[in-house]
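**Student:** Residue numbers (the working numbering): 13 to 323.
Positions of the beta carbon are idealized from the N, C-alpha and C atoms, including for glycine.
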Amino acid sequence: MANVIIRPDWQLPEREITAIGEYHNRRSFIKEMGLGVGLGSTILGPRLEAAAAPKLFPAKRNKDFNPRINHTDKRWVGGYNNFYEFSTNKEYVRFLVDKFKTDPWRVEVTGLCKKPFKFDAREMMKKIGIEERVYRFRCVEAWSMVVPWAGYQLSKLLEQAEPKNEAKYVKFYTALKPKEMPGLARLPQYPWPYTEGLRVDEAMHKLSFMATGAYGEPLPKQNGAPLRLIVPWKYGYKSIKSIVKIEFTRKQPNTLWNSLAPREYPFESNVDPAISHPRWSQASERMIGPNPVRVKTIKYNGYGQVAGLYK
Ligand code: MTE
């Protein structure tokens with residue numbers, strides 16, 4: 013029995029993955045995504061930033077966050093995006109990020125804390141150091157992926173501000189740059205900027221991660237460069253991209269999706285196969301990639317160690 017490997021539902025068979033060395037063979041991907049000749053160079057946008065930060069990447073993998081699970085093809089993670097500030101079409105986002113300037117990048121940490129501060133995204137990576145963590149990621153739209161993110165534990169950033177006892181929540185704000193984000197003007201009715209929030213104890217949990225890279229390189233702009241949240245036990249919309257402000261608050265903050273449709277996008281939003289979205293079931297998910305597979309969804313996206321936060 014000891015030698016029998018039981019593969020969980022979410023583990024991809026070997027044939028589903030692409031080795032990291034194969035990323036640059038883009039031709040089949042371009043064909044699969046229905047794209048023409050000439051567009052492919054944009055997919056490589058992140059490599060320009062990689063050149064500017066050669067020492068930080070690739071980050072060393074943290075063995076405590078390294079499940080035996082195959083990664084989603086990098087070209088899908090960088091080519092199938094939700095980033096409404098650019099487009100509501102997942103396959104267009106990466107072609108619309110060229111004008112988006114992500115370096116230098118200032119972030120403000122403010123609100124109910126003893127030591128509010130501002131920092132530069134690149135400098136903070138150097139200060140805290142970065143590591144790689146492989147996380148499963150589940151979108152509320154019932155698709156999922158497995159990504160080797162690089163970055164630092166969110167608590168290592170937040171602790172620097174020394175939050176006050178009365179701080180119960182943390183609110184995150186995405187940049188609001190209408191000249192660089194063409195999707196903003198197409199959705200004038202949305203309460204921009206994109207905002208999200210966590211309880212302070214959720215934000216301080218060791219799984220909460222500030223991602224600054226993926227697949228051994230700096231984060232592609234379409235994935236939320238230069239820094240975005242990853243909260244792997246919650247639906248993907250909680251994992252806010254391109255953060256410019258972090259605020260400690262006493263009351264539960266408004267968030268973009270919760271303001272627009274509170275019944276569909278509750279503040280807590282833990283992955284739970286037993287609770288359907290009002291318009292679709294959450295019992296299973298489609299793992300994106302060249303050969304998508306449908307697997308059962310697991311409570312907390314499989315991160316049962318957070319259960320204690322919700323007693
Ligand atoms: N952050 C911002 N600022 N704008 C967005 O539209 N979309 C969210 C989240 N963070 C979003 C965002 C949603 S719905 C998902 S599923 C993930 O980003 C998608 O992340 P990915 O494109 O890196 O897969």
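1. Are the CB atoms of residue 237 and residue 254 within a distance shorter than 8 Å?
2. Taking DSSP as the reference, what is the three-state secondary structure of residue 322?
3. On the three-state DSSP scale, how would you describe residue 277?
4. Cα-Cα, which of 249, 166, 173, 122 is closest to residue 96?
5. With a cut-off of 8 Å on the beta carbons, I'd call residue 239 and residue 133 a contact; round off their distance for me.
6. In the DSSP assignment, what are the bridge partners of residue 258?
7. Indicate, with yes or no, if the ligand MTE has a heavy atom lying under 7 Å from the CB of residue 253.
8. From 222, 201, 232, pick the residue whose C-alpha is nearest to that of residue 143; which is it?
9. What whole-angstrom Cβ distance do residue 94 and residue 106 have, given they're in contact under 8 Å?
10. My parser needs the beta strand (DSSP E) runs of 3 or more residues fully inside the region 97 to 176; what are they?
11. To the nearest angstrom, report how far apart residue 218 and residue 243 are at their CA atoms.
12. Please report the straight-line C-alpha distance between residue 311 and residue 193, rounded to a whole angstrom.
13. DSSP three-state call for residue 297: helix, strand or coil?
14. So, with DSSP's three-state summary, where would you put residue 282?
15. If you draw a straight line from the alpha carbon of residue 121 to that of residue 215, how long is it in whole angstroms?
16. Quick check on this structure: which residue in 189, 130, 112 has the alpha carbon closest to the alpha carbon of residue 118?
17. Please list the terminal residues of the continuous beta strand (DSSP E) segment that includes residue 308.
18. Under the assumption that residue 246 contacts residue 288 (Cβ atoms under 8 Å), give the Cβ distance between them as a whole number of angstroms.
19. Quick test of the definition: if touching needs 3 or more C-beta pairs under 8 Å, does the region 228 to 237 touch the region 73 to 81?
20. Judging by CA-CA distance, which residue of 98, 103, 102, 116 is the nearest neighbour of residue 110?
21. Which of the three DSSP states is assigned to residue 292 in this structure?
**Tutor:** Based on what the coordinates show:
1. Contact: yes.
2. helix
3. coil
4. Of the candidates 249, 166, 173, 122, the residue whose Cα lies closest to the Cα of residue 96 is 249.
5. Correct: roughly 5 Å between the Cβ atoms.
6. Answer is 121, 184.
7. yes
8. 222
9. Residue 94 to residue 106, Cβ: 12 Å. No contact.
10. Qualifying beta strand (DSSP E) stretches, in chain order: 118 to 123, 129 to 132, 143 to 150, 155 to 165.
11. 10 Å
12. 35 Å
13. Residue 297 carries a strand assignment under DSSP once its states are collapsed to helix, strand and coil.
14. strand
15. 14 Å
16. 130
17. 305 to 308
18. About 16 Å; that fails the 8 Å criterion.
19. no
20. 98
21. strand
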